[in-house]
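Encoded as structure tokens, the structure appears first; notes follow it.
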Amino acid sequence: MRVLLFLGFLVSATAAFADASAVVELTATTSEESLTPGSELGYTFTVTNAGAVDAHNVVLSDDTASITRFISFVETRGPAASILTPLYGGYGTAIARMDTLHAGESATFKLFVRIDPTVDIYVLTNQPVIEYDTGDPNQGTGSRLLIVLVGPDADLEVASRAPEVRVTQFPITVDVGNDGPQTVQRADVDLTIEGDLAKVKYLSVTPSQGTCSEPAIFAIIGSPSPPPVWRVQCALGTLTPGATATIIALVDTKPVKTIFTHHVSVTAYNDHNRSNNHSALVLSNYSNGRTRSVRK
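If you read the sequence shown in my numbering, its first letter stands for residue 1, the second for the next number, and so on.
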């Protein structure tokens, strides 16, 4: 089993809370993107006064979840703060209070908990809150929400290959496997073609299980970088330990000199090892193709 940050795999968040007198920012990050139950999970909270005047009675609080066991909560940088914590091995609210946070000043705090090793699938939320006096009748406040998923522990991997011959149509084979030790509940695959899109395109993408979207050109609106790519997304569903699903992507090129890169990325919420989640092929229709490994 494992712990994996999701919400678009969100691992860092920042919010600013402003008024006429003070601006206090709260930043929250996590120590790891994934953890197995029984391991430590760390949070770093940074409180910054980005305003032009001092903020007073600044209070950072964070409720630890009942499926976690409190280890420590300390200040690592900033003005002196009084700290209250839950009992070691328990759960509750960790609180840090600073009398004054001067304009331009920051304070950093680290919270460590241990995930209950007996936990099954569970959505763990953490919402640190900052409150402070602004110098006017309104009190400043704000929070950030981080979501953690506790679930089975698996290892999704991907490899891709294509014939090393001079062709204008490339059958690219993508193998997606689960090294275990437990089942992948949902394996998602993202395939893209990077190159001159007027010369290269997908003809078809066929999975051995699950479904794939129709090929489409994907671009970030209003941004020339990164450039547009051909994109297909596949949902392969469940993969048991040792199982492999195969995707055949047929890529067509114009009968002119063309070089392109074919990328494949795989994700699963309970994948603890992301170093083997990306594969790339650099291909040409006028010389032998070659494969290069890309690590995330």
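Ideal Cβ positions, reconstructed from N, Cα and C, are used throughout, including at glycine. In this text the structure is predicted, and so the values were computed from the model without any measurement.
Quick one: grab the DSSP three-state call for residue i.
i, result
"residue 278", "strand"
"residue 285", "coil"
"residue 175", "strand"
"residue 119", "coil"
"residue 303", "Beyond the ends of the chain as shown, which are 1 and 296, falls residue 303; an answer cannot be given."
"residue 131", "strand"
"residue 29", "strand"
"residue 157", "strand"
"residue 199", "coil"
"residue 105", "coil"
"residue 61", "strand"
"residue 204", "strand"
"residue 35", "strand"
"residue 240", "coil"
"residue 270", "coil"
"residue 124", "strand"
Using 9 Å as the threshold, is the C-beta distance between residue i and residue j below it?
i, j, result
"residue 85", "residue 92", "yes"
"residue 199", "residue 256", "yes"
"residue 252", "residue 155", "no"
"residue 59", "residue 22", "no"
"residue 172", "residue 187", "no"
"residue 245", "residue 207", "yes"
"residue 107", "residue 65", "no"
"residue 194", "residue 261", "yes"
"residue 43", "residue 128", "yes"
"residue 230", "residue 216", "yes"
"residue 228", "residue 119", "no"
"residue 176", "residue 247", "yes"
"residue 61", "residue 105", "no"
"residue 210", "residue 250", "no"
"residue 57", "residue 133", "yes"
"residue 71", "residue 113", "yes"
"residue 48", "residue 25", "yes"
In terms of DSSP beta bridges, what is residue i paired with?
i, result
"residue 169", "252"
"residue 54", "None, per the DSSP bridge assignment."
"residue 49", "24"
"residue 216", "231"
"residue 43", "30, 111"
"residue 259", "284"
"residue 75", "109"
"residue 190", "233, 265"
"residue 82", "97"
"residue 245", "176"
Do you know offhand how far residue i's Cα is from residue j's?
i, j, result
"residue 264", "residue 50", "41 Å"
"residue 189", "residue 278", "10 Å"
"residue 192", "residue 32", "27 Å"
"residue 276", "residue 157", "5 Å"
"residue 240", "residue 181", "9 Å"
"residue 95", "residue 68", "17 Å"
"residue 178", "residue 88", "37 Å"
"residue 63", "residue 126", "7 Å"
"residue 183", "residue 46", "37 Å"
"residue 233", "residue 205", "9 Å"
"residue 280", "residue 39", "33 Å"
"residue 73", "residue 284", "55 Å"
"residue 218", "residue 170", "21 Å"
"residue 214", "residue 41", "39 Å"
"residue 168", "residue 35", "45 Å"
"residue 212", "residue 185", "17 Å"
"residue 55", "residue 98", "9 Å"
"residue 90", "residue 203", "57 Å"
"residue 174", "residue 79", "54 Å"
"residue 77", "residue 115", "26 Å"
"residue 254", "residue 109", "57 Å"
"residue 266", "residue 196", "24 Å"
For residue i, is the classification buried or exposed, using 16 other Cβ atoms within 10 angstroms of its Cβ as the cut-off for buried?
i, result
"residue 30", "buried"
"residue 160", "buried"
"residue 28", "buried"
"residue 123", "exposed"
"residue 274", "buried"
"residue 145", "exposed"
"residue 103", "exposed"
"residue 111", "buried"
Within 9 Å of any Cβ in chain B, is that where the Cβ of residue i sits?
i, result
"residue 130", "Within the model displayed, chain B is absent; a lone protein chain is all it includes."
Within the present structure, is the beta-carbon of residue i separated from the nearest heavy atom of the ligand HEM by less than 8 Å?
i, result
"residue 232", "The ligand HEM is not part of this structure, which contains no ligands at all."
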